[in-house]
Every structure is written in C-alpha cells, then in structure tokens.
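Take the sequence shown: its position 94, counting from 1, is numbered 251 in this note's numbering, and each next residue is one higher. Note that beta-carbon positions come from the ideal geometry of N, C-alpha and C, so glycine has one too. All values derive from a computational prediction rather than experimental measurement.
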Amino acid sequence: MKVSPVTPEPVKVENIIRNVAEDIVFPRFQTLASHEISTKGSGDIVTIADEEAEYALGQALKDLLPGSVVIGEEEIAENPIILNALTGDEPVWVIDPVDGTQNFANGNTRFAMIVALIYGGKTVAGWIHEPVRDTTVWALIGEGVYEANKCLQPNSPKQIDNLIGTLSRFQKERLSAFCIEQNGKQELPKSVEKYGCVGAEYADLARGNLQYAFYKGTLKPWDHLAGVLIHAESGGYSALVETRIPLKPDPKLRRQAMLLAPNEDIWHYLLNLLVG
C-alpha cells in the first residue's frame, strides 16, 4: 500500500486511537459521575472523557507526525480561530474524541472516535473507531477503505426501494408525504432514524449497511471530513446541495446540506425526493 509522504502508516494511527479508547474513553462508559458531564456554550454536552481523550490523541498524533498541528472539537469551543489551520501549510489532524457524546453519556453504545488528516487543503486520510465494537474503518486518499485488514467494497442495491439510509424525523415525514402524494407510483428508499453519531453512520455506509445519508445544519469538519473521504473511497458519491461539490476542509462554519449516495445518478434521484 502506498503511503503519502505526510501520512503515517495507518495502523500506527489506528493503534493510537485504540489505546486512547482503552485507557480513557471506554473506562468512562456507563460510569460517568454527574460532575464529569458539563454543557458547552453551544448547548452541547461535553464529558471528562471528551476532554482527556482529545488531549491524549493530540499529543500522540503530533509526536507521530512532527510539525503537524491539531484541531480538536473541544479546543475549538474555546478557541475557534484554530480552524484557520485548515488552510495552512502544515499537516492538520482534525479530532472528534467522542462523537455521539449524548449517546455516550446516556450509556448508549453508538459512539465513535474520529480522526482526519488534512494536507494541502485536502483530506488525505480518515479513521473512525467504535470503542464498543473495538473496530476501526479507515481510508487513505486513492487507496480504498479498510476494516480489520480487509478492503471494504460494499455492493449497493440496484433498486431504489432497497436502499436504506438515515434521515431526521422531519425528512422521514417529508418522504412519507411524497409517497402519499404519488400514490405509491414512485420508487422510494427505506429510512431509519439517525444514530445520534455520524461516525457510526459513515462506518455503516462504508460497510454497505447503509446506502445513503442526508445531513443539514452546520457541517462541522471534525464530524464529517474523515467520513466523506471514507465514503468516497468506498465508491460513494456525495456533494453539498447548494454548490453540488463535495465537502472540503473550510475554516468557516456555515449552515449547509449534504447528501451521500451510492453513485451520482442515485444522488440526483434522492435529492429530488428530499429537497425537491
């Protein structure tokens, strides 16, 4: 496997994430005390596991790749200007130490740890680790997607009504209303409730357990950059609804909508259903 001059061996990054999961994150799962959970200015919750894992990941990843910088979700809450590093010259690690914090705090097993590596304005590698499953899905740009040393090559259903994706409650209601309007004459995909953890959704897209997903709101780089690369490397197609181009590293956080699908034709078909 080819490795970019700025990209460390993927297994080394995977091992760092797994070690932090085992030492810091998993021991806190279902054992958090009330004083170990707080609320950020955005209204989102943060736990001691988020904070300690972000610090440990950041230190280990910078040591692994000297000269690199780290952008972590929790640090951004205190110092948003660090997002400007996304357009700098140095390699940048973008970290979500515990994706699905609400699930984690509630004892729900659907949470993940996400790491993306950005260089030259592109996402060149991404890792999604699910501590409860102790498994990591990762990708290098141009090299495919892997899990447990196996290349993932999901087979997408050819029939629209066999597609399964995650939608918000509002989006599911829109799809149901469209079905009634069409009197069942148009093929419609199946949908399930969002996981509350985008990392787990991206991992299931790569495995072929999901075939599409729709995200609307502030598309935060620590949530989506690794997953968008992983989805693309598994053969999927994604684009922002407004610009029709893929999501890229951008220091400006703005409200956007993004659709992910198995290919471009299905992307346009689903876009018509979900957005009109």
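G253 versus N263, G278, G245, V227, residue with shortest Cα-Cα distance: Before going further, note that residue 253 is Asp rather than Gly in the sequence given. If we check each option's Cα against that of D253, V227 comes out closest.
Quick check on G478: buried or exposed, where buried means 16 or more other Cβ atoms within 10 Å of its Cβ? In the structure as shown, the chain begins at 158 and stops at 433. Residue 478 is therefore absent and cannot be evaluated.
Fully enclosed by the region 231-276, which alpha helix (DSSP H) runs are 4 residues long or longer? 258-263
Looking at the structure shown, is F186 part of a helix, part of a strand, or coil, going by DSSP? coil
Compute the distance between the beta-carbons of Y369 and L427, then report whether it is under 9 Å. yes
Since K373 is in the beta strand (DSSP E), which residue starts that stretch and which ends it? 369-375
Which listed residue (L274, G353, D180) has its alpha carbon closest to that of G264: G353
So what does G283 bridge to, in DSSP terms? A273, A296
Compute the Euclidean distance between the alpha carbons of L431 and P419, then round it to the nearest angstrom. 16 Å
I need the boundaries of the alpha helix (DSSP H) containing V349, first residue and last residue. Unbroken run through V349 is the beta strand (DSSP E), 347-350; no alpha helix (DSSP H).
Coil, strand or helix - K409 by DSSP: coil
By how many angstroms is the C-alpha of E338 removed from the C-alpha of V355? 31 Å
What three-state label does DSSP hand S395 in the structure shown? strand
Do P165 and L243 have their CB atoms nearer than 9 Å? no
With a floor of 4 residues, list each alpha helix (DSSP H) that falls wholly inside the region 168-232, ordered by position along the chain. 205-221
Out of curiosity, what's the CA-to-CA distance linking V272 and W250? 7 Å
Supposed close pair P408, W295 - CB separation, criterion 8 Å: With a Cβ gap of about 24 Å, P408 and W295 do not count as contacting.
Hey, how far is the Cα of K219 from the Cα of D246? 15 Å
Between Q216 and R364, what straight-line distance do the alpha-carbon atoms span, to the nearest angstrom? 30 Å
Cβ neighbours of R267 in the same chain (closer than 7 Å, five flanking residues each side left out): G257, N260, Y352, G353, C354, A357
Look at P288 and G392 and say whether their C-beta atoms are less than 9 Å apart. no
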